[in-house]
Amino acid sequence: MANLLPVFGLTLLFALATSKEARLVLLENHGEAVCLDGSPPGYYFRPGTGSGANKFIVHLEGGGDCESKEECYQRSMTRLGSSSYWAKTADFDGFLSGLEQTNKYFYNWNLVFVKYCDGSCYSGYLSKPFHVYGSPIYFKGNLIVKAIFKSLIEKEFKEATDVILTGCSAGGLGTFIFADYVKSVLPSSIKYRAIADAGYFINSLNINGEPIAKERAKTTFVFQNQTISVHKECSKKYTGDEASDLNFFIPS
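Numbered according to mature numbering (1 follows the signal peptide of the UniProt record, and there is no 0), the sequence shown spans residues -22 to -1, 1 to 230.
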């Protein structure tokens, strides 16, 4: 089991200083791994230096999800659903900054900032797209994460000694989902940790007394076919009423 630490709001503590730029890397021709609109997924990469040259932070971007065909179609025309809207370079702050005065412990580590473009918290999979107003919409979040780590292991991770998987909100949930998977594909020589930031979605009631968080989770679980991302060994231990209380990709 991966060593995983849940934290809350870490990536919201932004510094005022501007960090060094990271460049966009698109994963062209990676099979089914595509964004909502069918464009290639990708990540921003900033190489490490000095003592951090062989150390990596892989961060999964957050950004909510979509629970209907219309909502996902609208999302596909934004930066959260298409790589067509991504800039060639990007700056990052807080613990992702490349400046020592801003980020004392990780400023010189390699940064891999995974762009979020699947609308399913990195967990959905439909073998075929559905169409809205004639436009195809894809759910390939699970495959995107796997394709990115395959690429990293083949290229950037060749000399890696340390890898930290992190993510915020939807990316925090993605971190919970993929923590053990990432550990399983990394060489055993690599020191690995996972940190999920705000990846819990609390099953609370709204002002009308309705369990909307739970209902939305159930809707997206089925709509986006998130069964592919369920931890099989964990979920089979829960049955009946006990399973109905699980909010972590276990529908009641």
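C-beta atoms are modelled at their ideal positions from N, C-alpha and C, and glycine is treated no differently.
| Item | Value |
| --- | --- |
| Looking at C-alpha atoms only, which residue of Tyr116, Ser61, His209, Cys13 is the closest neighbour of phenylalanine 201? | Tyr116 |
| Going by C-alpha distance, which of Pro107, Gly9, Lys(-3), Ile185 is nearest lysine 47? | Pro107 |
| Give me the Cα-Cα distance between threonine 205 and lysine 214, rounded to the nearest whole angstrom. | 12 Å |
| Taking only runs of the alpha helix (DSSP H) that begin and end inside the region 39 to 102, which ones reach a length of at least 4 residues, in chain order? | 47 to 53 |
| Going residue by residue through the region 99 to 144, where are the continuous beta strand (DSSP E) segments of at least 3 residues, counting only ones entirely within it? | 108 to 110, 113 to 115 |
| Helix or strand or just coil, what does DSSP make of glycine 20? | strand |
| For tyrosine 178, which of helix, strand or coil comes out of DSSP? | coil |
| Since alanine 157 is in the alpha helix (DSSP H), which residue starts that stretch and which ends it? | 148 to 163 |
| So, is histidine 8 buried or exposed, given that buried needs 16 or more other C-beta atoms within 10 angstroms? | buried |
| So, at 8 Å on beta carbons, what are the nonlocal neighbours of alanine 125 in its own chain, with the 5 sequence-adjacent residues on each side left out? | Leu5, His8, Gly9, Ala11, Pro19 |
| Where tyrosine 63 and valine 90 are concerned, what is the direct C-alpha to C-alpha distance, given to the nearest angstrom? | 18 Å |
| Kindly give me the distance between the Cβ atoms of leucine 58 and cysteine 95, rounded to whole angstroms, as I take these residues to be in contact under 8 Å. | 6 Å |
| Label serine 75 either buried or exposed according to how many other C-beta atoms from any shown protein chain fall within 10 Å of its C-beta, with 16 as the threshold for buried. | buried |
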